[in-house]
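In structure tokens form, the structure reads like this:
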């Protein structure tokens with residue numbers, strides 16, 4: 048395995064760069080990959096679980112290169128993508144796809160590269176902190192501090208680091224909210240109010256992290272051209288109809304939607320279509336959450352307000368909040384969730400949809416093996432805009448009529464924010480860490496906290512510091 052790992056991190060990345068830049072022919076890649084894979088001496092069934100996961104990461108990157116270069120050589124190859132993998136692995140000369148499938152069986156991984164291995168297993172361990180308390184950890188499978196990518200370009204390293212840091216904060220959010228959904232915590236009790244307040248601040252940390260990344264100059268963050276023409280073009284099909292890696296497969300984001308009652312018509316069918324691209328355990332977790340009511344439904348069933356919240360006067364809303372302050376805290380969570388969605392939509396527009404629209408207007412078109420007119424799971428800009436609007440039109444929107452400062456005071460968020468800060472960081476040093484903004488940046492952001500997102504546009508440990 049060390050020889051394969053060294054080839055993937057060094058010569059393979061260089062070869063990919065040269066092929067993409069047309070300095071070397073695509074036909075060199077299969078021969079180089081076959082030579083590297085012939086050194087594998089491990090039988091998948093005899094691997095330790097960690098060895099198997101490491102090999103899945105490495106061979107996933109190799110397979111992505113094989114698939115991309117094969118399909119770019121001839122558009123007809125896209126109809127039979129599996130023909131890219133006509134090579135063997137190991138001294139026993141096991142067909143590549145069979146070898147990968149045997150590794151997948153050891154790990155619960157799909158039988159191709161996937162979001163989980165590309166981001167979570169590949170990158171160093173990350174942690175989400177609330178003050179001096181660690182709320183969540185996302186382990187990594189390697190102990191060398193490296194980030195393996197298709198071409199080794201820093202754009203890819205920084206983007207993958209952003210993705211894992213974001214997912215770590217998301218896991219902390221879900222772990223904080225889970226006891227409410229499981230009804231092991233009284234949804235109208237003081238602990239529920241505290242947990243919801245912490246979750247709202249964690250979500251705001253996600254928004255700040257991603258907004259800060261988008262604000263970076265291209266040379267310090269992600270170049271749209273590299274994202275569209277290099278990074279995304281490795282997310283090809285290995286077999287017809289399979290599910291390539293995508294941020295849409297982030298299980299923590301999907302779980303948060305379900306926890307918060309985001310369930311428009313067809314959404315569960317969309318999630319089910321993503322199942323082949325997930326780890327077995329990820330889908331099992333989502334299945335449990337799908338069987339429970341979302342938190343807004345749970346809380347409103349407990350309160351049983353007379354009529355719809357939209358029909359309540361401000362005085363009536365204050366009465367409800369007085370009987371259950373968690374209602375106001377949940378509103379802040381839903382609002383923060385919608386603002387995160389708006390930020391993610393902004394990122395998709397900045398790095399994908401707007402540049403592609405500019406190309407279409409200029410007559411350049413959409414020429415890659417992976418279309419830049421939609422996400423790799425099939426969602427286009429209109430679908431993402433619709434989902435963002437839905438997240439903003441949650442069941443507690445009537446509470447917008449009350450001053451945000453009053454709601455934050457009632458939920459204790461103002462006190463939480465004054466004393467503690469949510470952040471995600473790597474447990475070990477990394478090559479090009481994407482850092483959350485500094486406290487000075489956060490201070491400059493304070494004047495935007497009261498702005499609701501425009502329409503259209505973990506562990507289960509108890510969070511610290513409960514009053």
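Residue numbers (the working numbering): 48 to 514.
Virtual Cβ for every residue (Gly too), placed ideally from N, Cα, C.
For residue 407 and residue 178, the rounded distance between their alpha carbons: 47 Å
Among 308, 323, 318, the one whose alpha carbon lies nearest that of residue 339: Ranked by how close their Cα comes to the Cα of residue 339, the residues 308, 323, 318 have 308 in first place.
Sequence-distant residues of the same chain with beta carbon closer than 6 Å to residue 229, five excluded per side: A distance below 6 Å between beta-carbons, with the five flanking residues on each side excluded, links residue 229 to no residue of its chain.
Close-in-space but distant-in-sequence residues of the same chain around residue 215 (CB under 7 Å, 5 per side omitted): 173, 174, 175, 183, 185, 471
Cβ-Cβ separation, residue 296 to residue 336 (assumed contact under 8 Å), whole Å: Contact doesn't hold; Cβ gap of about 16 Å is too wide.
Span separating the alpha-carbon of residue 410 from that of residue 404: Their backbone Cα atoms lie some 10 Å apart in a straight line.
For residue 136 and residue 489, the rounded distance between their alpha carbons: Here residue 489 scores only 43 on pLDDT, less than 50, and its place in the model is too uncertain to base an answer on.
Assigned exposure category for residue 154 - 16 Cβ within 10 Å defines buried: buried
Proximal residues to residue 415 (C-beta, below 6 Å), its chain only, five neighbours per side dropped: 280
Opposing strand residues paired with residue 141 [DSSP bridges]: 136
Closest residue to residue 373 among 275, 234, 65, 355 (Cα-Cα distance): 234
Residue 176 - containing beta strand (DSSP E), residue span: 173 to 177
Residue 329 in three-state terms, based on DSSP: helix
Span of the beta strand (DSSP E) around residue 229: Looking at the DSSP string, residue 229 is not in any beta strand (DSSP E), and its letter there is neither H nor E.
Distance between beta carbons of residue 419 and residue 394, contact taken as under 8 Å: Contact flag wrong, Cβ pair sits at about 14 Å.
Which of helix, strand or coil DSSP assigns to residue 200: coil
Alpha carbon of residue 99 to alpha carbon of residue 385, nearest angstrom: 38 Å
Range of the contiguous alpha helix (DSSP H) that encloses residue 259: 237 to 262
Same chain only: Cβ atoms within 8 Å of residue 72, ignoring 5 sequence neighbours per side: 66
Straight-line gap, residue 443 to residue 379 (C-alpha atoms, nearest Å): 9 Å
Stretch pair the segment 320 to 327 + the segment 155 to 163: three plus CB contacts closer than 8 Å: yes
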